[in-house]
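Residue numbers (our numbering), protein chains in the order written: chain D, 4 to 708; chain F, 20 to 93.
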């Protein structure tokens, strides 16, 4: 068992107050209200669970650090992620909190107190913040609650900012006081014997606080089992727990029902919520079998449209600003390799990072609004039946849909999913969706190689091909999700048991905070990788340097020089080197250079091909000159490089290959390591090669080549 | 007459008799207050026929039909 790690902070550090509660108790709203606008987001050691802290002013001179512990219904755990709650409270990975504030939902008191009882059993210094009192029909009798619970109970409303000063005062006093007495939960006698046996098998670190060891034994009896994935459980302890369960009694039910009996016996009346006519009416519409579905489709359409279309002007603006900055820099710097490094490598790299911000901010605007309103749970409820066919749960729907705009914000949106396995599976599949960066490549190839024609009367073939590529990517991603859920990501299915919180009006502060935090995390943790990759790629495309042309060279000579520079660069040499590998797909080395260039972002393929074909990098997917150059390009035997079959093979390759360093960077950040992005890159590229091979060679056998 | 929760008609309160199923899921159900003796009702069904919406202890939970078979009510 790990011993408490020495704190790196100074001895007189601010007291640490942990905020703990069930999901949907308004814990995050309370955290935001108490800490104002500053919060720090990091990760817990060893797992990709976010650790959010902020500063809480207790008086003019005293400040506490407030820790937002991830929402939980219980301390019992079966995975390292769920174990985080207990480890944090015990201070096994970081300094232990000096006080725990349990945020309880006043309209669902018994379930909130179930968590509080476990904390009291563990003898933590703790208080109960009874939240959402504004939703009760009549004010609760908190004195009576405090009296039997033994811990201070403070009625508040985080949403309405009711009594938050009172809460701060109680926190200040409770920090100095003793822990409340242990609650007298009526556990059966037989269970005490099991507890004794488990306590005897505990490692010394667990028994450090004698008053706490019996409660830890109850935690072990609830959590340890044949199938758990818990970390750092010593074998003797595990053996003692399994032996207790093998005696045949229903220990889980004994523990849980004893706690609920203790709560239900003392709660004066069942907590009744006040009438909320407007919220109830909205709720009835949102859950109506017909209207509810219509509202859902409308919201999803608006969200998707915003990512796809509304983000565009902002992206264009960022690109112009980056271009302008590059030109300004080029104007003041002496021409040469340093100027190129700064304008194309560094300024271009920064542009490659911030260009994602409009879509990230827009997606998290929608996710923030939907989460705060309680609508995300409805989306999962409505979509679960469909997502289940992929081995996923309903929560995967929003990330998957966002993937059709851009994989980067979509991968970030997997944060809202509760199970790590489902998160990984979604992240591995989302990059297969037809994102907007693939569209310029498709547009160019379809326009260049498939002359406008019509099928079945007046259906345009070019449009049909575009739809076909979308359907293809959906089909492949469904298959990939299914295949991975049976192989690399096989595991015990996490049951779908989700609370549907009542509809609430979203708080702008919560939404703004979520957008800001996501954008900042992207910039600080994925931005650096993207910037470094851009500079590296620039270097590969720019070295070794050719002798520069004289300043008065004619434009045609400049374009030819650029093409020569590119083809003799390291990236060009790499394109040559991989030609044997991509030749069976119908690609020559020039396409190979384009594939290398497109790793920065898929749409860069278009401008790279402009450079390769000696017509300059200023082309776009609508440029007639680029289309003509592609059509005119021939192999050494005089046959055209680009046949419709090669075009199809190339589009299939683009549909499937993981040519996006930004996606890999953000997957690295979300999974906390290089293993999953490496797997993503290898499997997608292999799949792309295989499918393009089948299309090209199959087409040739059929005489289409 | 005891029967699986999944077969309970809409908006018909019933009392939980037993909770079964995979241990981790069962523990989660019990911890969320679906204990023997607790009143539960199915208050809505998703448009595609699954999952179900339960009302228990003043809260609404979503659960798949297949998982709801583990809960016996009467």
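C-beta atoms are modelled at their ideal positions from N, C-alpha and C, and glycine is treated no differently.
Residue closest to residue i, alpha-carbon to alpha-carbon, out of the options
i: residue 51(F); options: 526(D), 702(D), 113(D), 216(D); result: 113(D)
i: residue 566(D); options: 584(D), 593(D), 541(D); result: 593(D)
i: residue 559(D); options: 620(D), 391(D), 514(D), 649(D); result: 620(D)
i: residue 548(D); options: 533(D), 570(D), 485(D); result: 570(D)
i: residue 196(D); options: 246(D), 568(D), 168(D); result: 246(D)
i: residue 126(D); options: 694(D), 701(D), 154(D), 670(D); result: 154(D)
i: residue 539(D); options: 513(D), 512(D), 574(D), 551(D); result: 574(D)
i: residue 136(D); options: 117(D), 406(D), 162(D); result: 162(D)
i: residue 33(F); options: 45(F), 72(F), 24(F); result: 24(F)
i: residue 296(D); options: 265(D), 383(D), 160(D), 223(D); result: 383(D)
i: residue 499(D); options: 26(F), 29(F), 48(F), 57(F); result: 48(F)
i: residue 419(D); options: 451(D), 450(D), 466(D), 371(D); result: 371(D)
i: residue 671(D); options: 645(D), 532(D), 186(D); result: 532(D)
i: residue 397(D); options: 466(D), 497(D), 326(D); result: 497(D)
Proximity below 7 Å, CB of residue i to CB of residue j
i: residue 105(D); j: residue 72(D); result: no
i: residue 525(D); j: residue 363(D); result: yes
i: residue 243(D); j: residue 301(D); result: no
i: residue 472(D); j: residue 445(D); result: yes
i: residue 38(D); j: residue 69(D); result: yes
i: residue 262(D); j: residue 120(D); result: yes
i: residue 443(D); j: residue 322(D); result: no
i: residue 684(D); j: residue 661(D); result: yes
i: residue 379(D); j: residue 386(D); result: no
i: residue 365(D); j: residue 309(D); result: yes
i: residue 435(D); j: residue 464(D); result: no
i: residue 36(F); j: residue 21(F); result: yes
i: residue 28(D); j: residue 108(D); result: yes
i: residue 537(D); j: residue 351(D); result: yes
i: residue 652(D); j: residue 601(D); result: no
i: residue 81(F); j: residue 503(D); result: yes
i: residue 562(D); j: residue 617(D); result: yes
i: residue 282(D); j: residue 505(D); result: yes
i: residue 636(D); j: residue 649(D); result: no
Three-state secondary structure (DSSP) of residue i
i: residue 629(D); result: helix
i: residue 700(D); result: helix
i: residue 20(F); result: coil
i: residue 490(D); result: coil
i: residue 141(D); result: coil
i: residue 73(F); result: strand
i: residue 178(D); result: helix
i: residue 45(F); result: helix
i: residue 530(D); result: helix
i: residue 611(D); result: helix
i: residue 678(D); result: helix
i: residue 156(D); result: strand
i: residue 43(D); result: strand
i: residue 78(D); result: coil
i: residue 52(F); result: coil
i: residue 434(D); result: helix
i: residue 135(D); result: coil
i: residue 387(D); result: helix
i: residue 501(D); result: strand
i: residue 35(D); result: helix
Chain-ordered chain D contacts of residue i [CB-CB under 7 Å]
i: residue 33(F); result: The premise fails here: residue 33(F) is roughly 17 Å from chain D at the closest Cβ pair, so nothing lies under 7 Å.
i: residue 25(F); result: Those within 7 Å of residue 25(F) in chain D number zero; the least Cβ separation is about 14 Å.
i: residue 76(F); result: 111, 113, 114
Residue-chain proximity (residue i, chain A), Cβ-Cβ < 7 Å
i: residue 24(D); result: Chain labels in this structure do not include chain A; the protein chains are D and F.
Within chain F, the residues that residue i reaches when beta carbons sit closer than 9 Å
i: residue 501(D); result: 70, 80, 81, 82
i: residue 388(D); result: 65, 66, 67, 68, 69, 70, 83
Listed by chain order, chain D residues near residue i by CB distance under 9 Å
i: residue 88(F); result: By Cβ distance, chain D contributes nothing, its closest Cβ being about 12 Å from residue 88(F), past 9 Å.
8 Å Cβ cut-off: residues of chain F touching residue i
i: residue 260(D); result: 49, 54, 55
i: residue 225(D); result: 46
i: residue 493(D); result: Neighbours of residue 493(D) on chain F: none; closest Cβ ~16 Å, over 8 Å.
Under 8 Å by beta carbon: chain D residues contacting residue i
i: residue 63(F); result: 290
Under 7 Å by beta carbon: chain F residues contacting residue i
i: residue 296(D); result: 66
i: residue 77(D); result: 50
contact_flag[the stretch 630–638 of chain D, the stretch 673–688 of chain D] where n(CB pairs < 8 Å) is 3 or more: no
Touch test, the stretch 232–241 of chain D against the stretch 255–262 of chain D, Cβ-Cβ under 8 Å, three pairs minimum: no
Contact between the stretch 578–590 of chain D and the stretch 522–539 of chain D (3+ Cβ pairs under 8 Å): no
Stretch-stretch touch, CB-based, cutoff 8 Å, three pairs: the stretch 63–70 of chain F with the stretch 388–398 of chain D: yes
Given 8 Å, three or more beta-carbon pairs between the stretch 354–363 of chain D and the stretch 336–344 of chain D: no
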